[in-house]
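Some notes on the structure that comes next.
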Amino acid sequence: MKNLNIHFALVLLGALFLTANSAPGTNLLQWPDSNQYWGALVNVNDYIASRPADWFTHDKLVTDLAILKVKPQNLTEAETRYTQVRGLLQSRGMYVGTYVSGTTVSPQSTRNTYPPNAVSTEQMPPDAHYAGSWPNDPERKFIDVTDANTRRAFHANIEKLWSALPAPLRFVDNAAFHPAVGGKQPWAAFCQNIAEIGALAESTGSRAVFNISLHVGMLSDQDARELMNAVGQNGIALEMPWSPVIQSNREATAKAQARYRQLLDSGMAIILIPVNIDQEALARWVRTWKKPGDHVYMGHIFWKPPDERASIALSR
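Counting along the sequence shown from 1, when you hit position 12 you're at 3 in the working numbering, and nothing is skipped either side.
Structure representation (structure tokens):
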């Protein structure tokens, strides 16, 4: 009976948080002090509930939480589980977000998470324009970000997802692909799409974090201006924060450092996701140019114990 009471208390806590703290018109999330809360949990599922709370003493941001392997017959169970786990994380003072793709649609039949993680192809109008498919997945299509009507229809469906489940944070994956890393649509159009989704997030009481494929040091001055104008006080996430190619080149590293400073000084938040790079080496480099007031965070994996957390802190 005790465990059952705890369960319903957490469900109630989650429901109250959704109503009171994430409704349109409320104050937007203030980025946490990254001198103390420098971790960000990305792509979290409900297994986090089985991990010790003291693993996450340096975490405030959960960019997205989802229940996996959801089918129509277990949807109600998934919704209850989601509310329970979200309530648990919020009771620890965490900001819990939702996931959506910022440029792709796919068939409704591929939906297997709660909350839904993308706009479906069926929701888009017949005259929507597309710009190719995801590699090795022909049913997953990229919207044509240069076409205003397609963007409007796409954003209207994102708004439906967000209105159904208020949250203080929205993780917008696949938001843009810079030409230097193989982006096939115009950078300016990607930035326009980001700006419009960011405005939509703010109108629903949320901050947005845009996961972008780019090497920061390869942004031109014009590219950087367009990105800063689009993101504003929202955030970006980078899976190539300091790639081996850049690390091995002193001039490229200096350019990356200067560009990071420009982006952070504009007021945006940045989450560094260390893919194919040693976390500790990345943290040491960041500490050489980070300012105390920066909103820069280290993404990490929630199911592994924080053995190295002390050494990858972004401030001393």
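The beta carbon of each residue, even a glycine, is placed where N, CA and C say it ideally should be.
- prompt: So who's on the other strand from Leu32, going by DSSP bridges?
  reply: Your numbering for residue 32 matches position 41 in the sequence shown. In DSSP, Leu32 forms a bridge with Val53 and His291.
message: Alpha carbons only, please: which of Trp29, Asp37 and Asp50 is nearest the one belonging to Lys60?
response: As a position in the sequence shown, residue 60 is number 69, starting the count at 1. Taking each of Trp29, Asp37 and Asp50 in turn and checking the Cα distance to Lys60, the smallest one comes out for Asp37.
task: Could you tell me the distance, in whole angstroms, from the CA atom of Ala287 to the CA atom of Glu130?
output: Here residue 287 is taken as the residue at index 296 of the sequence shown, counted from 1. Here residue 130 is taken as the residue at index 139 of the sequence shown, counted from 1. First, the amino acid is wrong: residue 287 is Val here, not Ala. Rounded to whole angstroms, Val287 to Glu130 spans 35 Å at the Cα level.
- request: Check whether the Cβ atoms of Leu56 and Val87 lie closer than 8 Å to each other.
  value: Stepping through the sequence shown from its first residue, residue 56 is reached at position 65. Stepping through the sequence shown from its first residue, residue 87 is reached at position 96. Closer than 8 Å, so yes.
query: With distances taken between CB atoms, is the gap from Ala309 to Val76 smaller than 8 Å?
result: Residue coverage of the chain in this structure runs from -8 to 307, which leaves residue 309 outside it and unanswerable.
Which of helix, strand or coil DSSP assigns to Thr101: Position 110 of the sequence shown holds residue 101. Three-state DSSP puts Thr101 in a helix.
Of the listed residues Pro283, Asp285 and Leu229, nearest to Pro265 (C-alpha basis): The residue you call residue 265 lines up with position 274 of the sequence shown. Closest option to Pro265, Cα to Cα, is Leu229.
Neighbourhood of Gln176 by C-beta distance below 6 Å, restricted to the same chain and skipping five residues each side: On the sequence shown, residue 176 is found 185 positions in, with the first residue counted as 1. Within the same chain, Gln176 has close Cβ partners Ala122 and Val136.
- prompt: Is Trp29 closer than 8 Å to Leu254 when the C-beta atoms are compared?
  reply: Here the question's residue 254 lines up with position 263 in the sequence shown. Here the question's residue 29 lines up with position 38 in the sequence shown. Cβ atoms of Leu254 and Trp29: not closer than 8 Å.
Rounded C-alpha distance that separates Gln213 from Pro297: In the sequence shown, counting from the first residue as 1, residue 213 sits at position 222. In the sequence shown, counting from the first residue as 1, residue 297 sits at position 306. Their backbone Cα atoms lie some 39 Å apart in a straight line.
- prompt: Under a three-way DSSP split, which group does Ile264 fall into?
  reply: Residue 264 sits at position 273 when you count from the first residue of the sequence shown. DSSP places Ile264 in coil when its eight states are reduced to three.
Distance between beta carbons of Ala31 and Met289, contact taken as under 8 Å: Counted from its first residue, the sequence shown places residue 289 at position 298. Counted from its first residue, the sequence shown places residue 31 at position 40. The pair is a contact, with the Cβ atoms about 7 Å apart (cut-off 8 Å).
- request: Name the two residues that bound the continuous alpha helix (DSSP H) containing Arg161.
  value: In the sequence shown, residue 161 corresponds to position 170, counting from 1. Looking at the DSSP string, Arg161 is not in any alpha helix (DSSP H); the run it does join, the beta strand (DSSP E), is Leu160 to Phe168.
message: Can you find the residues in the same chain that come closer than 7 Å, C-beta to C-beta, to Gln248, ignoring five residues on each side of it along the sequence?
response: Here residue 248 corresponds to residue number 257 of the sequence shown, with the count starting at 1. Result list for Gln248: Trp280, in chain order.
- prompt: Just checking, does the region 204 to 213 make contact with the region 148 to 163 on the three C-beta pairs under 8 Å criterion?
  reply: no
- request: Might you give, ordered along the chain, the residues of its own chain that have their beta carbon closer than 6 Å to the beta carbon of Pro15, omitting 5 neighbours on each side?
  value: Stepping through the sequence shown from its first residue, residue 15 is reached at position 24. Any answer about Pro15 is weak, because its pLDDT of 46 lies below 50 and its placement is not dependable; what the coordinates show is given next. Closer than 6 Å at Cβ, skipping near neighbours: Thr195 and Gly196.
- request: Work out the CA separation of Ala243 and Thr95 for me, nearest whole Å.
  value: As a first step, residue 95 is located in the sequence shown; it is residue number 104 there, counting from the start. As a first step, residue 243 is located in the sequence shown; it is residue number 252 there, counting from the start. Distance between the alpha carbons of Thr95 and Ala243 is about 31 Å.
- request: On the DSSP bridge assignment, give the partners of Thr89 in chain order.
  value: Here residue 89 refers to the residue found at position 98 of the sequence shown. Its beta-bridge partners are Arg161.
message: So, under 8 Å CB-CB, Ile262 and Val200 are touching, yes? Tell me the CB distance rounded to an integer number of Å.
response: One-based indexing of the sequence shown puts residue 262 at position 271. One-based indexing of the sequence shown puts residue 200 at position 209. Indeed, because the Cβ distance is near 6 Å, the residues count as touching under 8 Å.
task: Report buried or exposed for Asn(-6), applying the criterion of at least 16 other Cβ atoms within 10 angstroms of its Cβ.
output: In the sequence shown, counting from the first residue as 1, residue -6 sits at position 3. Note on Asn(-6): pLDDT 44, under 50, position unreliable in the model; no value is reported.
- prompt: At a Cβ threshold of 8 Å, is Asn127 touching chain B?
  reply: Within the model displayed, chain B is absent; a lone protein chain is all it includes.
Through-space distance from Lys51 to Arg252, alpha-carbon basis: Taking the sequence shown and counting its residues from 1, the one referred to as residue 252 is at position 261. Taking the sequence shown and counting its residues from 1, the one referred to as residue 51 is at position 60. Going by the C-alpha atoms only, they are around 23 Å apart.
- prompt: Span of the beta strand (DSSP E) holding Ile134?
  reply: To locate residue 134, count along the sequence shown from 1; it is residue 143. That run of the beta strand (DSSP E) goes Asp128 to Ile134.
- prompt: Who are the near neighbours of Arg198 in its chain, counting only those whose CB is closer than 6 Å to its CB and skipping five residues on each side?
  reply: Against the sequence shown, residue 198 aligns to sequence position 207. Closer than 6 Å at Cβ, skipping near neighbours: Leu19, Leu20, Leu160 and Asn225.
query: With burial defined as no fewer than 16 other Cβ atoms inside 10 Å of the residue's Cβ, what is the status of Val236: buried or exposed?
result: Counted from its first residue, the sequence shown places residue 236 at position 245. Flag for Val236 reads exposed.
Status (buried if at least 16 other CB within 10 Å, exposed otherwise) for Pro117: For this step, residue 117 is matched to residue 126 along the sequence shown. Pro117 comes out exposed.
Inter-residue spacing [alpha-carbon to alpha-carbon] between Trp46 and Met85: Position 55 of the sequence shown holds residue 46. Position 94 of the sequence shown holds residue 85. Cα to Cα, Trp46 sits roughly 13 Å from Met85.
field: Residue span of the alpha helix (DSSP H) that contains Asn184, given as start and end
entry: Numbered from its first residue, the sequence shown carries residue 184 at position 193. Where Asn184 is concerned, the enclosing alpha helix (DSSP H) stretches over Trp178 to Ser194.
Secondary structure of Val200, DSSP reduced to three states: In the sequence shown, counting from the first residue as 1, residue 200 sits at position 209. Strand.
- request: Note the first and the last residue of the continuous beta strand (DSSP E) segment covering Trp153.
  value: Start at 1 with the first residue of the sequence shown, and residue 153 comes out as number 162. Segment Ala139 to Ala155 is the alpha helix (DSSP H) holding Trp153; no beta strand (DSSP E) there.
- request: With a threshold of 16 other CB atoms inside 10 Å of the CB of Glu113, please say whether the residue is buried or exposed.
  value: By one-based count along the sequence shown, residue 113 stands at place 122. Label assigned to Glu113: exposed.
field: Alpha carbon of Asn148 to alpha carbon of Asn240, nearest angstrom
entry: Locating residue 148 in the sequence shown gives position 157, where the first residue counts as 1. Locating residue 240 in the sequence shown gives position 249, where the first residue counts as 1. A straight line joining the alpha-carbon of Asn148 with that of Asn240 spans about 43 Å.
- request: In the DSSP assignment, find the alpha helix (DSSP H) that holds Gly78 and state where it starts and stops.
  value: The sequence position of residue 78 within the sequence shown is 87, counting from 1. The continuous alpha helix (DSSP H) containing Gly78 extends over residues Leu66 to Ser82.
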